[in-house]
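Residue 4 is where the sequence shown starts when you use this note's numbering, and the numbers rise one by one after that. Just so you know, even glycine gets a beta-carbon here, dropped at the ideal spot from N, CA and C. Predicted model only: the values in this text are computed from it and were never measured. Notes for the one structure printed next.
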Amino acid sequence: MTDILVIGGGIIGLSTAIALSQRGAKVTIVERDICGKGATWAAAGMLAPEAECLEGSLLEFGLRSREMYPQWISSLMRLSGLDCGYWCCGIIAPIFSERDRLVLSQHPKYIDKSQSHQRQSGLGDSILGSLWLPEDGQVSNRKLAQALITAARALSIKILEGVTVYEIARDRDRVTHLETSAGKLQSDRYVLATGAWTRSLLALPIKPIKGQMLSVFDGDRKLQKVIYAPNCYIVPRQDGTIVIGATVEDKGFAQGNTGAGIAQLLNNAIAVYPAIADMPITETWWGFRPHAPNEIPILGVSDYENLILATGHYRNGILFAPITAKCVTDLIVDGIVDPMLSF
Ligand SMILES: Cc1cc2nc3c(=O)[nH]c(=O)nc-3n(C[C@H](O)[C@H](O)[C@H](O)COP(=O)(O)OP(=O)(O)OC[C@H]3O[C@@H](n4cnc5c(N)ncnc54)[C@H](O)[C@@H]3O)c2cc1C
């Protein structure tokens, strides 16, 4: 018997399981594959509420989560003994048209062309100015996933990998058990954190939005800031890997990289940071963002009293993980409904 069953072992399921366990709950994670291999593995790891131009309560949600990051990472590093590649390196959001430059020159974070080149050498000539967002940054999402898994194990969270949930069995307004590839699983409460695949278990308006990505290797390590351009972003890791993303494709769960997708990313990235043209390509991959209406995560209570929702984080699930884990845990353990849960 376990107090809480978390369905889905991505960043949202893992972070929530850890927060619940730290508040004394006995938690099990059910993951049909290997934890951290869904969108969590595919992401770029930007922590970018400002560069992403989030608005209103969603911006507040993102800013609060970004603020939580340093302490959250320290605690995960203590628990796991692993580095997470957290780097508050700042983001440059370049401007390419005179029209945008005129509008954005009023923005408090605007810097002109020469200031942009001073911030980061080697930017493309077509950049007319940029926004400099020093508090946005990045984390190595794959390293973070490993740290979360190790921390979860250190907290004695039971992780059932290779177990698919086929059905959330319900009786009136309660979940009674899960039908899974390992038989029936039962618990007091359930947290649904199945990302882009949520709809196969519950009729929620979540759909996959595919993103193709690639990485190159920068032996010189001269790129030290994330560059967030209108058609691509470029994320330098501290080990010299540069992650370039991402396409936005409404094509269901279509697998694989395409020539057009990778060509588009490379052409855009080379225009922004020309040195990329000579860097070796090290990897290509793709993933599925869990898109929810108005790009707002679906969090908190459901139609079933013992089923809590934590899904639909779309483009910002890496950023939103600490605040999601906290809000869902406060709701389950203390019954506190954070105003952030009702956007
Ligand atoms: C290309 C790309 C780039 C991105 N870049 C960024 C970024 O820079 N910054 C940012 O903040 N966010 C980014 N995101 C978004 C972020 O990755 C997601 O919002 C986040 O990973 C969602 O986490 P999750 O745990 O909900 O989903 P996932 O990581 O997809 O995890 C869901 C898990 O549920 C499991 N599962 C599903 N169905 C079942 C079932 N029936 N039974 C058992 N297990 C099941 C899956 O196997 C999976 O492991 C990006 C996403 C993509 C695809």
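Which same chain residues end up closer than 7 Å to residue i when comparing Cβ atoms and leaving out the 5 residues on each side of it in sequence?
{"i": "LYS112", "result": "LEU134, TRP135 and LEU136"}
{"i": "LEU188", "result": "LEU8, VAL33, HIS180 and LEU181"}
Excluding sequence positions up to five away, which residues of its chain have a Cβ less than 8 Å from the Cβ of residue i?
{"i": "ILE162", "result": "GLY12, THR31, ILE32, GLU34, CYS38, ILE152, ALA155 and ARG156"}
{"i": "LEU195", "result": "ILE10, GLY11, ILE171, THR201, LEU204, LEU205, SER305, LEU310, ILE311, LEU312, ALA313 and THR314"}
Which residue's Cα is closest to the Cα of residue i: the options?
{"i": "ALA206", "options": "ALA280, HIS110 and THR197", "result": "THR197"}
{"i": "THR43", "options": "GLN149, MET80 and VAL229", "result": "GLN149"}
{"i": "VAL304", "options": "ALA263, SER77, VAL9 and LEU334", "result": "LEU334"}
{"i": "LEU322", "options": "ASP6, LYS40, PRO73 and GLY59", "result": "PRO73"}
{"i": "ILE279", "options": "CYS235, GLY255, ARG292 and GLU53", "result": "CYS235"}
{"i": "ASP223", "options": "ASP103, GLY186, LEU312 and PRO283", "result": "PRO283"}
{"i": "PRO293", "options": "LYS254, GLY186, GLY84 and ASP191", "result": "LYS254"}
{"i": "SER119", "options": "ARG192, GLY93 and PHE346", "result": "GLY93"}
I'd like to confirm something about residue i: is its beta-carbon nearer than 7 Å to some heavy atom of ligand 1, or not?
{"i": "HIS294", "result": "no"}
{"i": "HIS316", "result": "yes"}
{"i": "ILE15", "result": "yes"}
{"i": "ARG173", "result": "no"}
{"i": "GLU34", "result": "yes"}
{"i": "LYS40", "result": "yes"}
{"i": "ALA185", "result": "no"}
{"i": "ALA199", "result": "yes"}
{"i": "LEU322", "result": "yes"}
{"i": "GLY132", "result": "no"}
{"i": "PHE291", "result": "yes"}
{"i": "ALA47", "result": "yes"}
{"i": "SER203", "result": "yes"}
{"i": "GLY248", "result": "yes"}
{"i": "VAL168", "result": "yes"}
{"i": "THR43", "result": "yes"}
{"i": "ILE10", "result": "yes"}
{"i": "GLU263", "result": "A small fix is needed here, since residue 263 is Ala in this sequence, not Glu. ALA263 Cβ: outside cutoff for every heavy atom of ligand 1."}
{"i": "LEU165", "result": "Reading off the sequence, residue 165 comes out as Gly, not Leu. No, since every heavy atom of ligand 1 falls outside the 7 Å radius drawn around the Cβ of GLY165."}
{"i": "MET216", "result": "yes"}
{"i": "ALA328", "result": "no"}
So, helix, strand or coil for residue i, using DSSP?
{"i": "THR327", "result": "helix"}
{"i": "MET2", "result": "The question about residue 2 has no answer, for the chain in this structure spans 4 to 346."}
{"i": "SER305", "result": "coil"}
{"i": "MET282", "result": "coil"}
{"i": "ARG175", "result": "coil"}
{"i": "THR244", "result": "strand"}
{"i": "ARG104", "result": "helix"}
{"i": "PRO73", "result": "helix"}
{"i": "VAL251", "result": "coil"}
{"i": "PHE99", "result": "coil"}
{"i": "ARG192", "result": "strand"}
{"i": "ILE152", "result": "helix"}
{"i": "GLY263", "result": "Correcting the residue identity first, residue 263 is Ala in this sequence and not Gly. Reduced to three states, the DSSP call for ALA263 is helix."}
{"i": "SER159", "result": "coil"}
{"i": "VAL275", "result": "helix"}
Less than 8 Å between the beta carbons of residue i and residue j, yes or no?
{"i": "ILE237", "j": "SER218", "result": "no"}
{"i": "GLY248", "j": "LEU226", "result": "no"}
{"i": "GLY140", "j": "CYS87", "result": "no"}
{"i": "GLY132", "j": "SER100", "result": "no"}
{"i": "CYS330", "j": "LEU344", "result": "yes"}
{"i": "ALA22", "j": "GLY290", "result": "no"}
{"i": "ARG26", "j": "VAL336", "result": "yes"}
{"i": "THR285", "j": "GLY264", "result": "no"}
{"i": "VAL168", "j": "LEU204", "result": "yes"}
{"i": "ALA199", "j": "PRO208", "result": "no"}
{"i": "GLY127", "j": "VAL275", "result": "yes"}
{"i": "ARG122", "j": "LYS228", "result": "yes"}
{"i": "ALA257", "j": "LYS213", "result": "yes"}
What does a CB cutoff of less than 6 Å around residue i pick up in its chain, not counting 5 residues either side in sequence?
{"i": "PRO300", "result": "GLY315 and HIS316"}
{"i": "ALA328", "result": "SER18, THR19 and ALA22"}
{"i": "ARG67", "result": "ILE326"}
Between residue i and chain D, is any beta-carbon pair separated by less than 8 Å?
{"i": "ALA42", "result": "Of the protein chains in this structure there is only one, and it is not chain D."}
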